[in-house]
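Novice: Below you will find the structure I want to go over with you.
Residue numbers (my numbering): 149 to 444.
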């Protein structure tokens, strides 16, 4: 089975506790959540990032390892762990804390330490633009010859220099076959789905919350699937688990960079339904807790 590597930040989400002001530390971070989803769905997954040696870093390390994610390409460092306080009312948002944190200081993508070379490389969120990590990952993606997947997962409050963000995002987009985003992501970016397709992206997915998801292909074909019927708890990690599920489908069907554009609309429809189901289960429980395969 092909190996999927997801690269970027691993941090701590501080979820609301039962009492006012109480916070529960839960490992999170978009790219880490994607790797976790892939591994729990039964496909080999590796995480690439820098994790702190502090107590939160050890919590992250143990959490990811417990789902059998390969950690051979992970660096450890003495910088602190970034945290994100999750505010769920009236709308979900994140309040980040931490400067010069471990996730910002990745020095290399050590794929040579992995048992095999990845065939799919995924990134986005904070690792796309923060610190030394951004340049490390951008340089890697420019030479990677497999499938490249990008989830911008915009966090406007953290993007103090949009030009710098675009400096890195443009390098990813130039190599990406697959881009996933919400309407909020694309609105902040000031782009349409068609803009991304015109730049060489083969497939763009819009996740639509309760309304499911839509994909548009470079051929102009498009399809939409409805959202899952669930008892909603929160949306933390929903987009990440959606991405992970799509990548699992690509790996299980042996899709390569060359064959990606030949995937049919029917194949994509089935894949979106699978991903919506996975994301729905994630939304039915607190925090980024994607399902295992047997839970589907």
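Where a beta carbon is used, it is the ideal one built from N, C-alpha and C, also for glycine.
These figures come from a predicted structure and were not determined experimentally.
What residue range is occupied by the uninterrupted alpha helix (DSSP H) comprising residue 232?
Specialist: Element bounds for residue 232: not the alpha helix (DSSP H) but the beta strand (DSSP E), 231-235.
Novice: Determine the contact status of residue 360 and residue 373, defining contact as a CB-CB distance below 7 Å.
Specialist: yes
Novice: Can at least three beta-carbon pairs, one atom from the region 169-180 and one from the region 261-274, be found at a separation below 8 Å?
Specialist: yes
Novice: How is residue 429 classed by DSSP in three states: helix, strand or coil?
Specialist: In the three-state reduction of the DSSP assignment, residue 429 falls in the helix class, which pools H, G and I.
Novice: Given residue 252, which residues of its chain have a CB within under 6 Å of its CB, disregarding the five upstream and five downstream residues?
Specialist: 278, 279 and 281
Novice: Give, in chain order, every unbroken run of the alpha helix (DSSP H) that is at least 4 residues long and sits entirely within the region 217-304.
Specialist: Qualifying alpha helix (DSSP H) stretches, in chain order: 279-291.
Novice: For the beta strand (DSSP E) that contains residue 453, what are its first and last residues?
Specialist: Residue 453 falls outside the range modelled here, since the chain spans only 149 to 444, and no answer is possible.
Novice: Could you give the first and the last residue of the continuous beta strand (DSSP E) run that contains residue 354?
Specialist: Segment 351-355, the beta strand (DSSP E) holding residue 354.
Novice: Nearest by alpha-carbon distance to residue 292: which of 268, 191 and 301 is it?
Specialist: 268
Novice: Which residue or residues does DSSP assign as beta-bridge partners of residue 362?
Specialist: DSSP output for residue 362 lists 354 and 372 as bridge partner(s).
Novice: Please state whether DSSP places residue 205 in a helix, a strand or coil.
Specialist: In the three-state scheme derived from DSSP, where H, G and I count as helix and E and B as strand, residue 205 is classed as helix.
Novice: Beta carbon of residue 189, beta carbon of residue 403: below 7 Å?
Specialist: no
Novice: Who does residue 326 pair with in a DSSP beta bridge?
Specialist: 297 and 351
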